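**Student:**
Residue numbers (my numbering): -2 to 255.
1) What are the boundary residues of the beta strand (DSSP E) that residue 144 is part of?
2) Could you give the distance in angstroms between the alpha-carbon of residue 246 and the alpha-carbon of residue 237?
3) Measuring CA to CA, which of 35, 232, 30 and 201 is closest to residue 85?
4) Quick check on residue 133: buried or exposed, where buried means 16 or more other Cβ atoms within 10 Å of its Cβ?
5) Terminal residues of the continuous beta strand (DSSP E) containing residue 191?
6) Could you pull the DSSP bridge partners for residue 8 from this structure?
7) Does the Cβ-Cβ distance between residue 138 and residue 130 come in under 8 Å?
8) Considering only C-alpha positions, which residue in the set 101, 112, 67 and 75 is nearest to residue 10?
9) Can you tell which of 104, 57 and 7 has the C-alpha that lies nearest to the C-alpha of residue 44?
10) Going by DSSP in three states, residue 161 sits in which element: helix, strand or coil?
11) Start and end of the alpha helix (DSSP H) containing residue 85?
12) Put residue 55 into one of helix, strand or coil per three-state DSSP.
13) Just to confirm my understanding: we take residue 220, look at its own chain, exclude 5 residues before and 5 after, and list those with CB closer than 8 Å. What are they?
14) What is the DSSP secondary structure of residue -2, counted as helix, strand or coil?
15) What are the residues that DSSP puts in a beta bridge with residue 98?
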């Protein structure tokens, strides 16, 4: 007979999340993270991303079921105290492959950072950024003049990417969105949809006069010279959702919101 899954519980530092954590701990049994088979996360999307990144950094990745005690909660399920065992038993799982950005800075430093939603390049000063864009080793835009540019996964396509007028990508589509932020030249370029296994490189054309930062979800590297972005299949993440509130349904519904 299989035993019940061992659950860990984490919560954001907000008052609402801490109160919900106290109620859950009084009603259910939880174990420390290093003994758990799955994790329950209480908070908003930002806290969910923080928890996922903590697992990636610790190289111990287990399924995660989030309950929304934040604002938007796109990656979260509805907060409810009751019937947690039944919800987890019926939950649908979704695999999410994060991006990985490799950054070379002007000073010669190199960083490798995962991103679950998107990688963004952003101008650091009032002057626009000037970037060369390469796809699979081929220059496709010799000079993109813009406030920035981003590469978004399907899970992140309804976040910053959507605000920048990028496309919504269905979960499981094996695509990424390449979306400019306030492009000046080429004036009519509105971005591209690419297979997720595409190798994307951004080269900053004038990194001293027009400095650019690179951001993987919530982690920023400043004064970058070159950024390589690709899918990271070595560390897939598993998100759990209530059957009536699955992520692919939410992504599809976003396309009909005026």
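For each residue, glycine too, the CB sits at the ideal point set by N, CA and C.
Please read all numbers here as calculations on a predicted model, not as lab measurements.
**Tutor:** Well, looking at it:
1) First-last of the beta strand (DSSP E) with residue 144: 135 to 149.
2) Rounded to whole angstroms, the gap between the alpha carbons of residue 246 and residue 237 is 13 Å.
3) Ranked by Cα distance from residue 85, the options 35, 232, 30 and 201 are led by 35.
4) Burial call: exposed.
5) DSSP places residue 191 inside the beta strand (DSSP E), whose first and last residues are 189 to 192.
6) Per DSSP, the beta bridge partners of residue 8 are 39.
7) Their beta carbons are under 8 Å apart, which means residue 138 touches residue 130 by this criterion.
8) It is 67 whose Cα lies nearest to the Cα of residue 10.
9) Of the candidates 104, 57 and 7, the one whose C-alpha sits nearest the C-alpha of residue 44 is 7.
10) Residue state, collapsed to three classes: coil.
11) For residue 85, the enclosing alpha helix (DSSP H) begins and ends at 81 to 87.
12) It is helical.
13) Taking residue 220 as the centre and dropping the five residues before and after it, the same chain places the C-beta of 102, 103, 104, 121, 204, 208, 209 and 210 closer than 8 Å to its C-beta, in chain order.
14) Unreliable positioning characterises residue -2 in this predicted model, as indicated by a pLDDT of 40, which lies under 50. A coordinate reading is not provided.
15) Partner(s): 110 and 226.
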